[in-house]
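Asker:
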Ligand SMILES: Cc1ncc(COP(=O)(O)O)c(C=O)c1O
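Residue numbers (my numbering): 8 to 454.
1) Let me make sure I understand the geometry here. Which of 376, 182, 405 has the alpha-carbon closest to that of residue 388?
2) Spatial neighbours of residue 428 within its chain, please: CB distance less than 6 Å, with the 5 preceding and 5 following residues excluded, ordered by chain position.
3) Rounding to the nearest angstrom, what Cα-Cα distance links residue 444 and residue 199 in this structure?
4) Going by DSSP, what residue range makes up the alpha helix (DSSP H) through residue 383?
5) Taking all protein chains shown into account, do 16 or more other C-beta atoms lie within 10 angstroms of the C-beta of residue 64, making it buried, or fewer, making it exposed?
6) Based on the DSSP secondary-structure assignment, which residues constitute the bridge partners of residue 217?
7) Given a cut-off of 9 Å on the beta-carbon distance, is the pair residue 69 and residue 293 in contact?
8) Consider the C-beta atom of residue 162 and the heavy atoms of ligand 1; say whether any pair is separated by less than 8 Å.
9) Can you have a look at residue 379 and say buried or exposed, based on whether 16 or more other CB atoms are within 10 angstroms of its CB?
10) Between which two residues does the alpha helix (DSSP H) carrying residue 439 extend?
11) Just to check, is the beta-carbon of residue 372 closer than 8 Å to a non-hydrogen atom of ligand 1?
12) Kindly indicate which three-state DSSP category residue 352 falls into: helix, strand or coil?
13) Mark residue 337 as exposed unless 16 or more other C-beta atoms lie within 10 angstroms of its C-beta, in which case mark it buried.
14) Distance, Cα to Cα, residue 240 vs residue 227?
15) Is it right to say residue 278 is buried, meaning 16 or more other beta carbons lie within 10 angstroms of its own, or is it exposed?
16) Skipping 5 residues on each side, what residues in its chain have a beta carbon closer than 6 Å to that of residue 291?
17) Should residue 189 go down as buried or exposed, given a rule of 16 or more other Cβ atoms within 10 Å for buried?
18) For residue 22, count the other beta carbons within 10 Å of its own beta carbon; 16 or more makes it buried, fewer makes it exposed. Which is it?
19) Going by Cα to Cα distance, which pick from 166, 107, 210, 124 is closest to residue 141?
20) Compute every distance between the C-beta of residue 305 and the non-hydrogen atoms of ligand 3, then say whether any falls below 8 Å.
21) Which residue comes first and which comes last in the beta strand (DSSP E) that contains residue 193?
22) According to the neighbour-count rule (16 or more other Cβ atoms, all chains shown, within 10 Å of its Cβ), is residue 260 buried or exposed?
Laid out in structure tokens, this is it:
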């Protein structure tokens, strides 16, 4: 492969000739172009028949601990040495003073919100481009999610859209490092400091991602992680909160353990604060301890492959890889995202492109839809509780503000690959680029 850059205009002009002869002038000289004549969706040969790396990967070395724990009957964290060991190791990996393991990422967010004082009738600034759990937890806290528009180029919260949406009820910001891409935390923290807001990072997809030398999830007041089965650090279901403030982390511990005293939480009664059962179990911790042995090497491999893929895909007209918010950041890649610009791809619809890419043997999906328009919103806002907590005029204004052109655009253009694909080889990445290029060359047949 050559790294020679061509301009988008040159590429379009060259490739629009639509012949294999023209293709050789595109910068994929290492790719075998012999099967570019007919798309697989139209009965041609697929670019790739091999499967992608399987996920999750079980390490048999963990079986001794698992069996021992099962036989011991010490299955819960009350007497659970593995959960504590995981907390110690995860805090050290993240570079924080403390970690609290939880039953899931959702429960981690719920605990963090409660302890940081997000209360009924509050408002929380949040990105709409996320898994639904992010704002479900705001609703569960009886607060109002105030959506901040997404910057389609970064796939992330647009910090410029935050200040105008702050009211006297706003108590927190919930930035989401979606797909493991780092949010511009300097800008988020500046707004938070100016308006005295708490910051809870949804780092549920961002293990080992970095921003200016710090791990994602360690820049705000608290950071929350998920270890659900598909995640880069998986254990079926599981989560964690990380932080540096002992008092806050003690309160998180108490809350997640039914409000029982812990550390600095007052011991004047058996249940000095409200709480819930959000505890992690021992088997979850054993799996995590074993999965943590591979997480750094996996993260390095994903990054290396993603950077390689970036270079290749950026040379194809109509394909736009995401923009990193600063050079001093590192993405964790729970997904590899790019935008598909139909107008630059001969007017082919994104859905058709995805169908054609899948037919070539490249697993992909369109990512999140415009969830700020989901049924959950009206279901919540028209409920008895929300009508009590928020005035009619505030809810009307909220509905009027719920227009997010950046997010809508991203939801129309995004295409994503799973993190397991980035654990493949260079030649696997070439397959991806080759398939997209083949579709580009045959774009006329897809319209
Ligand atoms: C961005 C984001 N936030 C929150 C969650 C919730 O985590 P969990 O599924 O572990 O409850 C997830 C999980 O998919 C997520 O991706």
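Even for Gly, the Cβ is constructed at its ideal location relative to N, Cα and C.
Answerer: So, from the listed chains and residues:
1) Distance check between residue 388 and each of 376, 182, 405 places 405 closest, using alpha-carbon atoms only.
2) 59
3) 44 Å
4) 382 to 388
5) exposed
6) 222, 337
7) yes
8) no
9) buried
10) 433 to 448
11) no
12) Reduced to three states, the DSSP call for residue 352 is helix.
13) buried
14) 21 Å
15) Per the 10 Å Cβ criterion, exposed.
16) 242, 245
17) buried
18) Annotation note: pLDDT 34 at residue 22 (below 50); position unreliable, no value reported.
19) 210
20) Ligands present in the displayed structure are limited to ligand 1, and ligand 3 is not among them.
21) Here residue 193 belongs to no beta strand (DSSP E); instead the alpha helix (DSSP H) covers 192 to 202.
22) buried
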